[in-house]
Amino acid sequence: MPEDQTGAATPASSERDGGPTGQAEPMSGSARLLAYAIGAFGLGIGNSMVFLMPLRARELGASFEFIGLLVAAASILPVLLAVPLGEVVDRFGPRRGFLLGAGTSAIVAALAALVVNHWVLLVLQLAFGATRGLGWIASQSYVTGMATGTARAANTGRFSLFSNAGTMIAPLLTGVVAQFVGFRWAFLFIAAYAGVFFVLGLGLKWSGRVSISAKRRRRDVGFRRALGLVAVPGVQAALFLTGARLWLAKTFTGFFPVLIVEAGVDPAVAGSVIAMSGLVATMMAPTAGFWCRFARPATVCASALGCAAVGIAFGPQLVQPPLVYLPAAMFGIGSGLSLPLLLTIVTNSASESQRGLVLGLRQTVNNVAGSTAPIVVGPLVAGVGMVLAFPLSAAVAAAAIAVAAVRGRTGPSPDASAAR
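Here the sequence shown is numbered in full-length UniProt numbering, starting from 1 and rising by one per residue.
Below is the structure:
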């Protein structure tokens with residue numbers, strides 16, 4: 001098999017203009033749209049469940065300490081299982097992986113509606129972390145398999161548009177449903193949401209399966225090969241960048257609203273500030289392919305996350321309207337561009353047969369960084385105050401971004417086909 005500009009092996013039948021590997025004919029417009037649309041599953045349903053689970057647990061008499069454990073439970077199994085789930089996607093194909101993830105997520109959500117004990121909810125939350133993770137990794141594998149090289153940036157940008165939309169729309173609809181039917185039966189809406197994506201998954205035409213040797217099938221569940229991928233410069237760059245992305249996200253979403261409310265800003269305005277970041281992220285995601293015309297994906301991603309880091313560093317100085325929307329917009333730029341570019345970088349750096357595996361590795365770093373950041377930033381805020389804690393947190397992310405920028409220099413060169 002020939003190699004792309006990253007040095008990762010790619011199939012001879014891959015289409016630079018976006019045709020899926022192994023397909024005789026390029027995808028139709030409707031098939032591409034369906035591939036982008038399944039991006040609204042993973043983050044959308046995840047945010048909805050994290051929103052509803054604590055409310056239902058509290059209704060059942062759970063303590064706040066238990067609720068903290070319940071929220072953390074959504075990330076416990078994904079940390080341990082993201083790599084094996086990526087291996088599952090590689091073995092059986094992203095289409096089957098997505099159907100399994102969406103279908104089992106629907107079952108878990110439906111079971112939550114029948115539960116009247118908060119400890120059982122904890123078990124279901126653990127299971128949901130695995131089922132949702134499988135669907136999310138599979139959807140990423142499917143869309144990144146539709147093109148090779150930097151051409152992936154255009155596809156992942158459109159995919160991220162739907163992902164960002166899902167993070168805004170799904171929890172909003174879940175809240176509206178809960179208002180009318182209560183927290184318990186609102187789980188049935190989440191089950192229906194997953195069911196809709198299961199049906200959409202049935203319409204995915206490309207199996208995405210790759211040839212995996214019998215020797216590999218008999219080996220471990222992927223951890224050894226995942227460690228081998230860490231030695232690849234492009235993968236290293238992606239892992240540092242994805243860690244920085246989650247670190248910045250947890251700092252911004254967890255502490256910036258508190259900062260501006262304590263500065264005297266109305267809660268409604270604080271909510272609009274967070275919404276501004278989401279709006280900018282949604283607008284920026286589809287432009288990822290355009291920016292890759294002029295620079296390597298790793299360079300564009302590092303620049304975007306650098307913009308977010310600067311916004312967070314100067315956030316404490318910009319807490320009054322209308323200036324408060326500036327750090328939110330800067331964070332939105334980094335958040336919106338980084339997801340599609342990270343998917344591009346990490347999959348360009350691995351062979352086709354390792355696509356799910358490397359996406360699982362990225363997801364593992366996501367979960368670790370997302371869990372670690374609040375634990376570190378919280379005491380930092382308590383110790384030195386918001387004004388110093390925000391620049392220090394941004395500096396940690398900036399250090400990771402700088403390392404990634406150096407490691408990412410071996411990535412693919414600017415390519416006009418990225419924007420197709």
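All C-beta atoms, glycine included, are put in the ideal place defined by N, C-alpha and C.
- Message: Helix, strand or coil for Lys250? Go by DSSP, reduced to three states.
- Response: Correct three-state label for Lys250: helix.
- Query: Is Val265 helix, strand or coil by DSSP?
  - Reply: Reduced to three states, the DSSP call for Val265 is coil.
- Task: With a 10 Å radius around its C-beta and 16 neighbouring C-beta atoms as the bar for buried, classify Arg218 as buried or exposed.
- Result: Interpretation of Arg218 is limited by its pLDDT of 47, a score under 50 that renders its predicted location unreliable; no figure is taken from the coordinates.
- Task: Buried or exposed for Trp136, please, with buried defined as at least 16 other CB atoms from any protein chain shown within 10 angstroms of its CB.
- Result: Classification for Trp136: buried.
- Under 7 Å Cβ to Cβ from Ala304, same chain only, skipping five residues before and after it: list those, please. Ile333, Gly334, Leu337, Ser338
- Message: Taking a contact to mean a Cβ-Cβ separation below 8 Å, would you say Arg362 touches Leu341 in this structure?
- Response: no
- Task: Note down the Cα distance separating Pro171 from Ala165, rounded to an integer number of angstroms.
- Result: 11 Å
- Top-ranked residue by Cα proximity to Ala154, from Gly289, Met146, Asn366, Leu99: Gly289
- Query: Where Leu60 and Leu70 are concerned, what is the direct C-alpha to C-alpha distance, given to the nearest angstrom?
  - Reply: Rounded to the nearest whole angstrom, the C-alpha separation of Leu60 and Leu70 is 13 Å.
- Should Ala389 go down as buried or exposed, given a rule of 16 or more other Cβ atoms within 10 Å for buried? buried
- Task: Note the first and the last residue of the continuous alpha helix (DSSP H) segment covering Ala394.
- Result: 386–407
- Classify Leu255 as buried or exposed, calling it buried when 16 or more other Cβ atoms lie within 10 Å of its own Cβ. Per the sequence presented here, residue 255 reads as Phe, with Leu not at that position. With 16 or more other Cβ atoms within 10 Å, it is buried.
- Asn47: first and last residue of the uninterrupted alpha helix (DSSP H) it sits in: 39–59
- Query: According to the Cβ coordinates, are residue 440 and Ala57 closer than 8 Å?
  - Reply: Absent from the structure is residue 440, since the part of the chain shown begins at 1 and ends at 420.
- Rounded to the nearest angstrom, how far is the Cβ of Gly356 from that of Pro94, given a contact under 8 Å? 7 Å
- Near Leu392, what residues of its chain come up, given a Cβ to Cβ distance below 8 Å and the 5 sequence neighbours on each side ignored? Leu380, Val384
- Item | CB contact flag (Thr364, Val50, <8 Å) | no
- Message: Cutting at 7 Å between CB atoms, please list the residues of its own chain near Val273, excluding the five before and the five after it.
- Response: Ile260, Val324, Tyr325, Ala328
- Query: Taking DSSP as the reference, what is the three-state secondary structure of Val324?
  - Reply: coil
- Report the residue from Ala138, Gly311, Val376 whose alpha carbon sits nearest the alpha carbon of Gly201. Ala138
- Task: For Ala37, count neighbouring C-beta atoms within 10 Å of its own C-beta (all shown protein chains included) and say buried if the count is 16 or more, exposed if not.
- Result: buried
- Indicate the three-state DSSP secondary structure (helix, strand or coil) for Phe66 in the structure shown. helix
- Item | Beta-carbon proximity check, Val358 vs Leu241, cutoff 8 Å | no
- Task: Can you say whether Thr185 is buried or exposed, counting buried as having 16 or more other CB atoms within 10 angstroms of its CB?
- Result: What sits at residue 185 in the sequence shown is Trp, not Thr. Burial is judged here by how many other beta carbons sit within 10 angstroms of a residue's own beta carbon; Trp185 has fewer than 16 and is exposed.
- With DSSP collapsed to three states, give me the class of Met27. coil
- Just checking my contact of Ala369 with Leu246 at CB under 8 Å: how many whole Å lie between their CB atoms? 4 Å
- Residues near Arg407 in its chain [Cβ-Cβ closer than 8 Å; skip 5 each side]: Pro233, Gly234, Gln236, Ala237, Phe240, Ala298
- From Asn367, Ser371, Val116, Val143, pick the residue whose C-alpha is nearest to that of Leu81; which is it? Asn367
- Task: Given a cut-off of 8 Å, decide if Thr156 and Thr144 are closer than it, judged by their beta-carbon atoms.
- Result: yes
- Report the option in Leu99, Arg296, Ala72, Gly44 whose CA atom is closest to the CA atom of Pro54. Ala72
- Could you check where the alpha helix (DSSP H) with Phe187 kicks off and where it finishes? 183–202
- Message: Using 8 Å as the threshold, is the C-beta distance between Leu227 and Phe331 below it?
- Response: no
- Query: Does the Cβ of Phe180 have 16 or more other Cβ atoms within 10 Å, making it buried, or fewer, making it exposed?
  - Reply: Under the 10 Å beta carbon count, Phe180 is surrounded by fewer than 16 other beta carbons and is classified as exposed.
- Item | Ala405 to Val300 span [Cα, whole Å] | 9 Å
- Query: Between Ala62, Trp206, Trp291, Gly264, which lies nearest to Ser30 when the distance is taken from Cα to Cα?
  - Reply: Trp206
- Task: Assign Val319 to one of three DSSP states: helix, strand, or coil.
- Result: Per DSSP, reduced to three states, the secondary structure at Val319 is coil, with no helix or strand assignment.
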